[in-house]
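> Chains L and A, in that order, are what the protein sequence lines are.
Counting from 1, one number per residue, gives the positions in the first sequence under our numbering.
Counting from 1001, one number per residue, gives the positions in the second sequence under our numbering.
The beta-carbon is built from N, C-alpha and C at its ideal position, and this holds for glycine as well.
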Amino acid sequence: MATDTRVLDVRDLRVSYHTPSGPVRAVNGVSFFLRPGERLGLVGESGSGKTTTALSLMRLLQESAVIEGGEVLLDGVDLLQLSEEGMRQARFADISLIPQGAMNSLNPMLKVGAQLRDTIRAHRRGSSSRAATDVRIQDVLDSVELEARVMDSYPHELSGGMKQRICIAMAILLSPKVIIADEPTSALDVVVQRQVMETLRRVQELLGPAVILVGHDMGLMAQFVDRIGVMYGGKLVEVGPVRGIFKDPLHPYTQLLIQSLPNLRTKEDFRGIPGLTPSLLAPPPGCMFHPRCPQAMPRCSVDVPVLEEIKPDRWVMCHLYDGVSA
Amino acid sequence: MTSLLEAQNVTRVFGGGLLQKGHTVAVDGVSLIIDEDRPSITAIAGESGSGKTTLARLLLGVIQPTSGSILYRGDSLTTMDGRTRKTFRRQVQAIFQDPYEAYNPVYKVDQTLTTPVRKFRLAHSREEAQQLIEASLRMAGLRPEETLGRYPHQLSGGQRQRIMVARALLLNPRVILADEPVSMVDASLRATILESLVKLKRELGISLVYITHDLTTAYQVSQNIYILYRGSVAELGSVEKVINDPKHPYTRLLVNSIPLPDPDLHWGGEIETKASAAAAPLPKTMQGCKFANRCPYVMAECHEAPPPLYLTEDDRAVACYLHKSSVPVSGKEMAESLATA
């Protein structure tokens, strides 16, 4: 669908970590796009490359990681080509991140208000008065259901859920077009998790940024996102609308993943996925999933499959669908 | 019924004395029984701060109760003689949350398995030890040739956790306490580990105490469930009753907050709006129900005295005055009736 408007367009992203045992291809040719205002989930197991993908978009990778290729087009501008200073300005203003364990990302020595003001000062293009800044901060705190008095608190005086809301407030402070939320509630209890996710959804619907939710909790994905991208071994193996992914998964890995999810209808019915996740140091030839795939064919261990749109809005990277196209 | 492992009205207070300021009642009058004659899986569920891990440590004898007692085959852990204690140490095993922290990273994983064999003199020869280790690895669903001789970092989280299961199995235990055994394991391996835990019960007759914050997996594996809130049992009973038709307002809140992996089943029910209530400290002179400050149905009596357990059905009791028309039941009676149900 070439006519789609895309706020973010990631093309053939490749990221490696350099380790003593050789390069690890953590993200191996990932392409996806984000429509304005939509919520996209990026799911995968540990080592699938979901967090590396998310951090690459912000250019916040560790030193050992190298972005080896690809484009990250935000409204047509390739973030990977920006200068360090240009990228610094784009963070928070155009694209922001709610990091993993966000509650520990606040500075313990600074009051919350000072940290929010810093964010505005450091990333806003043009200047504004302190009074205007504080009005904006209060609006944003209000939208995440926090009282203005938290500005005078240190992070340790707040609960995990409140700190998480501060991180959401910080992410929306400068009205970015895209927010990346990397497992934003993984450290929270289930009741607070629901509150935080519902706050994030409400704020998102109100302000309209597109959101990428990175995580491994399929339940959270089912409750929150419009579309899901499934990652496996550094590749995006399937992308589609949330209902399609859950009710009619196309990729054999997605099918097994959906089957393995525990529910509240059946008991003692366990369907794990046999085998192990691939080594990224010595990846298997052909399709990354073929050693575990119950539907593997001879060509799966030889030819690398390509992500293709086999019906409208359904993308899959699997030889089972060779010759099928939308 | 023969009581195998039992908590009798156990309370554990941390910090200060019971009457001093600054103390925390981590576990508050909890009774639980595992029946020797009937292998079972009992889930203990709650959020952080509910006391579930403290209860596990009490049941393992790692910490002592402030009041009440833990009994193994009728003997109190605090007074049992050395010989009985050694039997207890062997027959009650634990599996913890982080399958990486339980290993020494500079030793091969073999050491985790050879140490108990040596300490408990489980084998008379090297060959016998090797056979024993390989058999228990297979029981935990691992291939010995793919596991032995490796370092912990060379194995996946799921493999590391299954080695811990194998280590527990070496000792031929009667009870395994599993504290969040799958919370750090990836989704595709989670089902496999839970399956091997259920097999231990079904095929080897080992009872499990499954400690978790995750009601979905608790529902999958267990027969009975204890819902803990700030150290007290809010509701207990058959897992089908408690999860499919929760009666305590807290259990209802928990069940409604589960993100179900189905886009057509949306988060339903009432949602707590007071964002900070969950984390608010309890008043110092707390007398009534601990959930009263968060409860949408709070009544005057809720602030006066802690609610007893009310027997709403044969196999379920709820600590809530909303159910005061039912007969009150003691924690011990309820634990007994669940253990033999």
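Hey, residue 1010 of chain A and residue 1058 of chain A: beta-carbon distance below 8 Å or not?
Position 10 of the second sequence, counted from the start, is the residue given in the question as residue 1010 of chain A. Position 58 of the second sequence, counted from the start, is the residue given in the question as residue 1058 of chain A. Contact flag set, yes.
> Going by other Cβ atoms of all chains shown within 10 Å of its Cβ, with 16 needed for buried, is residue 1304 of chain A buried or exposed?
Locating residue 1304 of chain A in the second sequence gives position 304, where the first residue counts as 1. That one is exposed.
> My parser needs the beta strand (DSSP E) runs of 3 or more residues fully inside the region 1161–1225 of chain A; what are they?
Runs found: 1175–1179 and 1207–1212.
> When you compare the CB positions of residue 1031 of chain A and residue 1008 of chain A, do they come within less than 8 Å of one another, or not?
Sequence index remark: in the second sequence, residue 1031 of chain A carries index 31 (1-based). Sequence index remark: in the second sequence, residue 1008 of chain A carries index 8 (1-based). For residue 1031 of chain A and residue 1008 of chain A, yes; Cβs fall inside 8 Å.
> Along the chain, where does the beta strand (DSSP E) that runs through residue 1038 of chain A open and close?
Position 38 of the second sequence, counting from 1, holds the residue named residue 1038 of chain A. It is not in any beta strand (DSSP E) - residue 1038 of chain A carries neither H nor E in the DSSP assignment.
> Between which residues of its own chain and residue 1068 of chain A is the CB-CB distance below 6 Å, once the five residues before and five after are set aside?
Taking the second sequence and counting its residues from 1, the one referred to as residue 1068 of chain A is at position 68. Excluding residues within five positions, the ones whose Cβ falls inside 6 Å are 1008, 1009, 1010 and 1011.
> Can you confirm whether residue 1195 of chain A, when its beta carbon is compared against all beta carbons of chain L, has any partner nearer than 8 Å?
Taking the first residue of the second sequence as 1, we reach residue 1195 of chain A at position 195. At least one chain L Cβ lies under 8 Å of residue 1195 of chain A.
> According to the Cβ coordinates, are residue 242 of chain L and residue 225 of chain L closer than 8 Å?
Locating residue 242 of chain L in the first sequence gives position 242, counting from the first residue. Locating residue 225 of chain L in the first sequence gives position 225, counting from the first residue. Yes, these two residues count as a Cβ contact at 8 Å.
> Can you find a C-beta in chain L that's less than 8 Å from the C-beta of residue 1258 of chain A?
What you label residue 1258 of chain A is simply residue 258 of the second sequence in a count that begins at 1. Yes, residue 1258 of chain A counts as interfacial toward chain L.
> Tell me which residues share the same chain as residue 9 of chain L and place their Cβ nearer than 6 Å to its Cβ, disregarding the 5 neighbours each side in the sequence.
If you number the first sequence from 1, residue 9 of chain L lands on position 9. Cβ neighbours of residue 9 of chain L beyond the five flanking positions: 33 and 73.
> How many angstroms separate the CA atom of residue 332 of chain L from the CA atom of residue 1258 of chain A?
This structure leaves residue 332 of chain L out entirely; chain L is present only between 1 and 326.
> Between residue 274 of chain L and residue 257 of chain L, what straight-line distance do the alpha-carbon atoms span, to the nearest angstrom?
Against the first sequence, residue 274 of chain L aligns to sequence position 274. Against the first sequence, residue 257 of chain L aligns to sequence position 257. Going from the Cα of residue 274 of chain L to the Cα of residue 257 of chain L covers about 11 Å.
> Just checking: is the beta-carbon of residue 1276 of chain A within a distance shorter than 8 Å of some beta-carbon in chain L?
As a position in the second sequence, residue 1276 of chain A is number 276, starting the count at 1. Residue confidence for residue 1276 of chain A is low, a pLDDT of 47 falling below 50, so the modelled location carries little weight and cannot support an answer.
> Between residue 74 of chain L and chain A, is the shortest Cβ-Cβ distance under 8 Å, so that the two count as touching?
In the first sequence, counting from the first residue as 1, residue 74 of chain L sits at position 74. Cβ-Cβ to chain A under 8 Å: no for residue 74 of chain L.
> With H, G and I counted as helix, E and B as strand and the rest as coil, what does DSSP make of residue 1011 of chain A?
Position 11 of the second sequence holds residue 1011 of chain A. DSSP places residue 1011 of chain A in strand when its eight states are reduced to three.
> Specify, as a first and last residue, the run of the beta strand (DSSP E) that residue 67 of chain L falls within.
Position 67 of the first sequence, counted from the first residue, corresponds to residue 67 of chain L. Its beta strand (DSSP E) spans residues 65–74.
> Using a threshold of 8 Å, state whether the C-beta atoms of residue 233 of chain L and residue 291 of chain L are closer than that.
As a first step, residue 233 of chain L is located in the first sequence; it is residue number 233 there, counting from the start. As a first step, residue 291 of chain L is located in the first sequence; it is residue number 291 there, counting from the start. No. Outside cutoff.
> Thinking residue 1157 of chain A and residue 1185 of chain A are a contact (beta carbons under 8 Å), I'd like their distance in whole angstroms, please.
Along the second sequence, read from residue 1 onward, the residue named residue 1157 of chain A stands at position 157. Along the second sequence, read from residue 1 onward, the residue named residue 1185 of chain A stands at position 185. That belief holds up - the Cβ atoms of residue 1157 of chain A and residue 1185 of chain A are roughly 5 Å apart, short of 8 Å.
> Could you tell me which residues DSSP pairs with residue 1104 of chain A in its beta bridges?
On the second sequence, residue 1104 of chain A is found 104 positions in, with the first residue counted as 1. When beta bridges are read from the DSSP output, residue 1104 of chain A appears opposite no residue.
> Any chance the region 248–266 of chain L sits against the region 60–76 of chain L, with 3 or more Cβ pairs inside 8 Å?
Contact fails: fewer than three Cβ-Cβ distances are below 8 Å.
> Using the beta-carbon of each residue, which ones in chain A are nearer than 7 Å to residue 45 of chain L?
Looking up residue 45 of chain L in the first sequence gives position 45. Result: 1186, 1187 and 1188.
> Which ranges does the beta strand (DSSP E) cover as unbroken runs of at least 3 residues, wholly within the region 90–167 of chain L, from first to last along the chain?
95–98
> Please check if any C-beta of chain L sits within less than 8 Å of the C-beta of residue 1261 of chain A.
Against the second sequence, residue 1261 of chain A aligns to sequence position 261. For residue 1261 of chain A, the answer is yes, since a Cβ of chain L falls inside 8 Å of its Cβ.
> I'd like the list of long-range same chain contacts for residue 245 of chain L, defined as Cβ closer than 6 Å, with 5 residues on each side in sequence excluded.
For the purposes of this step, residue 245 of chain L is identified with residue 245 of the first sequence, where counting begins at 1. Answer for residue 245 of chain L: 228, listed in chain order.
> Identify every residue that forms a DSSP beta bridge with residue 1329 of chain A.
Position 329 of the second sequence, counted from the start, is the residue given in the question as residue 1329 of chain A. Residue 1329 of chain A pairs with A:1309.
> Distance, Cα to Cα, residue 1296 of chain A vs residue 1249 of chain A?
Numbered from 1 along the second sequence, position 296 holds the residue referred to as residue 1296 of chain A. Numbered from 1 along the second sequence, position 249 holds the residue referred to as residue 1249 of chain A. Roughly 8 Å separates the two Cα atoms.
> Would residue 1196 of chain A be called buried (16 or more neighbouring beta carbons within 10 Å of its own) or exposed?
Taking the second sequence and counting its residues from 1, one reaches residue 1196 of chain A at position 196. With 16 or more Cβ atoms within 10 Å of its Cβ, residue 1196 of chain A is classed as buried.
> Is residue 263 of chain L helix, strand or coil when you go by DSSP?
Along the first sequence, read from residue 1 onward, the residue named residue 263 of chain L stands at position 263. Annotated three-state conformation of residue 263 of chain L is coil, per DSSP.
> Using only alpha-carbon positions, find the residue among L:180, L:177 and L:107 that is nearest to residue 327 of chain L.
The structure shown does not extend to residue 327 of chain L, since chain L is modelled only from 1 through 326, so no value can be given for it.
> Give the secondary structure of residue 7 of chain L by DSSP, where H, G and I count as helix, E and B as strand, and everything else as coil.
Translated into positions along the first sequence, residue 7 of chain L becomes position 7. Shown here, residue 7 of chain L sits in coil according to DSSP, grouped into three states, outside any helix or strand.
> Identify which residue in A:1056, A:1026 and A:1145 has its Cα closest to the Cα of residue 1210 of chain A.
On the second sequence, position 210 is the one that residue 1210 of chain A refers to. Of A:1056, A:1026 and A:1145, the residue nearest in Cα terms is A:1056.
> Suppose you measure from the CA of residue 222 of chain L to the CA of residue 114 of chain L; what does that come to, to the nearest Å?
Walking along the first sequence from the start, residue 222 of chain L turns up at place 222. Walking along the first sequence from the start, residue 114 of chain L turns up at place 114. If you take the alpha carbons of residue 222 of chain L and residue 114 of chain L, they lie about 36 Å apart.
> Would you grab the beta carbon distance between residue 97 of chain L and residue 166 of chain L for me? Rounded to a whole angstrom, and I think it's under 8 Å.
Translated into positions along the first sequence, residue 97 of chain L becomes position 97. Translated into positions along the first sequence, residue 166 of chain L becomes position 166. Contact between residue 97 of chain L and residue 166 of chain L is absent: CB atoms are separated by about 14 Å, not below the 8 Å threshold.
> Step through the CB atoms of chain A and report whether any lies within less than 8 Å of the CB of residue 209 of chain L.
By one-based count along the first sequence, residue 209 of chain L stands at place 209. Residue contact check for residue 209 of chain L against chain A: no CB pair falls below 8 Å.
> So what's residue 280 of chain L in DSSP terms, helix, strand or just coil?
Taking the first sequence and counting its residues from 1, one reaches residue 280 of chain L at position 280. Residue 280 of chain L falls in the coil class under three-state DSSP.
> Can you check DSSP and say which residues form a bridge with residue 1033 of chain A?
Sequence index remark: in the second sequence, residue 1033 of chain A carries index 33 (1-based). In the DSSP output, where bridge partners are listed per residue, residue 1033 of chain A has A:1006.
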